[in-house]
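Below you'll find the structure, written out as structure tokens, and then a few comments.
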Amino acid sequence: MFDPVAVLQQLVRIDTTNPPGNEGPAVDVIRALLDDADVATEVLAKDPDRPNLIARIPGSGAAPPLLLQGHVDVVPTAGQRWDHDPFGGDIIDGYLWGRGTLDMKGAVVMMTHALVALAESGRPPAGDIILAVVADEENHGDYGARFLVEEHPDRFDGVRYCLGEFGGFPFQLGGTTFYPIQIAERVSVKFRLTIRGEGGHGSLPHRGGTTAQLGKVLTALDRRRMPVHIVPATRLMLEAMIDHTSGAVRTALKGLLEPRMAGMTLRALRSRLETLEPLLRNTVSATVLRGGDKHNVIPAEIEVTLDGRMLPGLTPEVMADELRAIVGPVPEIEYTVDAASAATSDPDLGLFDLLADIIRKHDPSGVPVPFLLPAVTDGRWFAQLGIQPYGYTPLMLPHGFEFQSVVHAANERVPTDAILTGSRMLADLLTRYAG
Ligand SMILES: [Zn+2]
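Going by the working numbering, the sequence shown opens with residue 10, and the numbers climb by one from there.
Structure follows, in structure tokens:
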């Protein structure tokens with residue numbers, strides 16, 4: 010059996026920054042490990058430099074196939090100040106440092122380890138166990154999960170659930186350790202606002218023109234919020250948390266469940282509960298501004314791109330109306346919805362109890378809760394095939410170490426113990442799924 014920490018070091022040292030990705034050498038490492046354990050593998054690629062690996066352990070057919078999916082590309086490190094080389098794979102005081110240790114080469118190693126353990130046990134699982142190691146998650150998945158789902162859907166025939174990022178690691182609230190397990194994600198909607206007006210010579214200023222309108226729009230976006238919607242995934246999460254908290258935290262969580270109270274409750278909270286806000290309403294962030302290309306010409310047109318994130322089950326038409334209510338009548342509003350837009354608003358929780366049970370075995374006082382991810386993952390592509398994605402890469406992180414503060418940021422690192430424990434937890438899961 011291979012050493013998951015050593016393999017993770019090896020993967021971190023392969024620079025798969027996306028763009029351009031160049032995931033080939035990382036995929037080769039995983040493939041060699043699976044070959045050694047006699048697990049059947051197959052490489053499928055839209056571009057030979059961006060390969061995807063699919064491995065399969067055949068089951069007896071008593072249960073549907075189970076898919077584990079993870080990506081080996083990573084986000085750039087440019088402009089970040091790291092205390093250790095992001096591609097060095099150094100181990101310092103029990104932590105393995107480097108880009109991708111959390112997102113998500115660490116989890117890919119844990120998944121691979123679990124598959125190898127299952128293969129070496131010689132016990133056929135009840136359902137096929139499939140592992141997809143993919144390219145290009147961090148840049149829309151066109152060469153990775155999207156390509157597999159659109160061009161090779163037969164590889165996932167019969168799959169009901171898949172496991173990928175994000176979830177299965179702790180966060181503390183009101184003295185309780187919760188383990189969010191992702192069951193849904195928001196939908197990405199790109200909005201474009203266009204402000205038109207009279208352009209002209211910069212020496213002849215006019216009031217209320219395009220740049221003034223831009224100022225009003227940006228100020229309104231900063232000050233105002235879209236209305237609260239309690240979607241099923243958020244309700245499940247808040248209800249589970251209410252059951253395991255007390256006092257002021259419990260009262261606040263109950264307030265969030267009341268649409269008319271929620272806005273007020275969020276404003277009153279100067280705590281980490283604010284991080285729940287994106288789970289309660291659609292949001293937009295202004296990201297790209299375009300207007301004017303000459304210092305002495307007042308622009309006749311200004312364009313603002315908004316990164317919009319929509320709660321699952323809502324429609325972009327409704328969200329556009331909510332945006333209109335904030336920005337007023339002046340800007341023209343256009344939008345495009347992410348290609349994987351069929352996010353279900355009604356998650357299938359059939360696998361949740363097993364995932365939760367495996368966490369409770371390692372932390373008996375921990376409370377697993379369903380979780381709506383404010384962002385998107387490759388899970389959305391697999392959801393196109395009718396598969397219910399779960400975010401579940403169990404990492405027993407120590408108190409005070411926050412996943413979200415180092416993921417995509419400088420000094421990404423993971424406790425080596427967490428990788429070893431997580432590998433065993435996923436192996437345990439496959440054995441129990443095997444029945
Ligand atoms: Zn990721």
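Cβ coordinates follow ideal geometry from the N, Cα and C atoms, glycine included. As the structure is a computational prediction, the values presented were derived from the model and not from experiment.
Distances from the CB of residue 112 to the heavy atoms of ligand 1 include at least one below 8 Å. Beta bridge pairing from DSSP links residue 422 with 106. Contact check for residue 174 against residue 388 passes: the beta carbons are separated by less than 9 Å. Between the alpha carbons of residue 293 and residue 227 lies a distance of about 11 Å. Under DSSP, residue 210 shares a beta bridge with 306. Inter-residue distance for residue 172 and residue 87 is about 30 Å (C-alpha atoms, whole angstroms). Counting only the Cα atoms, residue 140 lies some 14 Å from residue 161. With respect to residue 315, residue 345 sits apart: the two C-beta atoms are not nearer than 9 Å.
The DSSP assignment places 219-232 as complete runs of the alpha helix (DSSP H) inside the segment 166-243, in order along the chain (cut-off: 4 residues). Spatial neighbours of residue 300 in its own chain (CB-CB distance under 6 Å, excluding positions within 5 residues in sequence) are listed in chain order as 308 and 311. Using a cutoff of 8 Å, the CB of residue 25 does not count as near ligand 1, since none of the ligand's heavy atoms is closer than that.
Taking 8 Å as the upper bound for CB-CB distance, residue 243 and residue 289 are in contact here, some 6 Å apart.
Taking the C-beta atoms as reference points, residue 34 is found no nearer than 9 Å to residue 118. Rounded to the nearest whole angstrom, the CA to CA distance from residue 225 to residue 313 is 12 Å. By the 16-neighbour rule on beta-carbons within 10 angstroms, residue 291 is buried. CA-CA distance, residue 32 to residue 106, rounds to 19 Å. For the set 377, 339, 64 and 41, the Cα lying nearest the Cα of residue 218 is the one of 339. For residue 60, the enclosing beta strand (DSSP E) has its first and last residue at 60-66. Residue 379 holds the alpha-carbon nearest to the alpha-carbon of residue 245 among 252, 146, 379 and 349.
Under the 10 Å beta carbon count, residue 61 is surrounded by 16 or more other beta carbons and is classified as buried. Annotation: the continuous alpha helix (DSSP H) that includes residue 125 extends over 114-130. Where residue 397 is concerned, there is no enclosing alpha helix (DSSP H), although the beta strand (DSSP E) around it starts and stops at 397-400. Secondary structure of residue 100 (DSSP, three-state): strand. Annotation for residue 80 indicates a beta carbon within 8 Å of some heavy atom of ligand 1. For residue 374, the number of other beta carbons within 10 angstroms of its own is below 16, and it is reported as exposed.
Distance between residue 89 and residue 415, taken at the CA atoms: about 11 Å.
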